[in-house]
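Peer 1: Numbering (my numbering), first residue to last: 19 to 162.
Positions of the beta carbon are idealized from the N, C-alpha and C atoms, including for glycine.
1) I'd like the list of long-range same chain contacts for residue 115, defined as Cβ closer than 7 Å, with 5 residues on each side in sequence excluded.
2) Please state the DSSP three-state secondary structure of residue 38.
3) Which first and last residues belong to the alpha helix (DSSP H) in which residue 131 is found?
4) Using DSSP with H/G/I as helix, E/B as strand and the rest coil, what is residue 112?
5) Within 8 Å, do at least three Cβ pairs link the stretch 147-158 to the stretch 128-138?
6) Find out if the Cβ-Cβ distance for the pair residue 125, residue 83 is shorter than 8 Å.
7) DSSP on residue 53, reduced to helix/strand/coil?
8) Considering only the beta carbon of each residue, do residue 103 and residue 32 sit closer than 8 Å?
9) Report buried or exposed for residue 96, applying the criterion of at least 16 other Cβ atoms within 10 angstroms of its Cβ.
10) Residue 53: buried (16+ other C-beta within 10 angstroms of its C-beta) or exposed?
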């Protein structure tokens with residue numbers, strides 16, 4: 019996400035940890051790879067998945083800015099990729115982050131979430147109104 023934000027011309031922003039209430043929390047999901055049960059190339063697929071889970075691939079992900087690597091001691095290139103923001107915040111979040119909310123209906127509401135959050139971040143809609151609307155819509159999808 020840092021790559022997308024820092025590419026916005028004229029954006030003068032930084033990042034900070036999410037404020038803590040009783041506990042600290044944030045979404046901290048990594049990249050994941052899987053193999054189809056019906057693949058015609060299981061050996062090649064396993065080789066790819068094993069590579070992507072290894073130190074070399076995780077270092078590539080970090081140094082390109084694609085993701086904060088989950089592989090121990092490979093996060094420094096990510097922080098160095100973004101010297102103009104406090105990218106260490108993302109690395110620190112690994113310790114208390116949770117996986118993204120995954121439910122069967124997620125595909126139905128993820129676009130709605132992105133659209134409303136874009137309106138909030140671009141100041142087209144207030145957080146109060148946008149988040150109430152978002153909660154109502156997501157609850158509608160998840161209560162089906």
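Peer 2: Reading from the atomic positions:
1) Along the chain shown, read from residue 1 onward, the residue named residue 115 stands at position 97. So the list reads 44, 45, 46, once near-sequence residues are dropped.
2) In the chain shown, the residue the question calls residue 38 occupies position 20. If DSSP states are grouped into helix, strand and coil, residue 38 belongs with coil.
3) In the chain shown, residue 131 corresponds to position 113, counting from 1. Unbroken alpha helix (DSSP H) run through residue 131: 124-139.
4) For the purposes of this step, residue 112 is taken as the residue at position 94 of the chain shown. In this structure, residue 112 counts as helix in the three-state DSSP scheme.
5) yes
6) Here residue 125 refers to the residue found at position 107 when the chain shown is read from its first residue. Here residue 83 refers to the residue found at position 65 when the chain shown is read from its first residue. For residue 125 and residue 83, no; Cβs fall outside 8 Å.
7) The residue given as residue 53 occupies position 35 in the chain shown. Coil, per DSSP.
8) Here residue 103 refers to the residue found at position 85 when the chain shown is read from its first residue. Here residue 32 refers to the residue found at position 14 when the chain shown is read from its first residue. Against a cut-off of 8 Å, the Cβ pair of residue 32 and residue 103 comes out as a contact.
9) By 1-based counting over the chain shown, the position of residue 96 is 78. Residue 96 is buried by the Cβ-count criterion.
10) Position 35 of the chain shown, counted from the start, is the residue given in the question as residue 53. By the 10 Å Cβ count, residue 53 comes out exposed.
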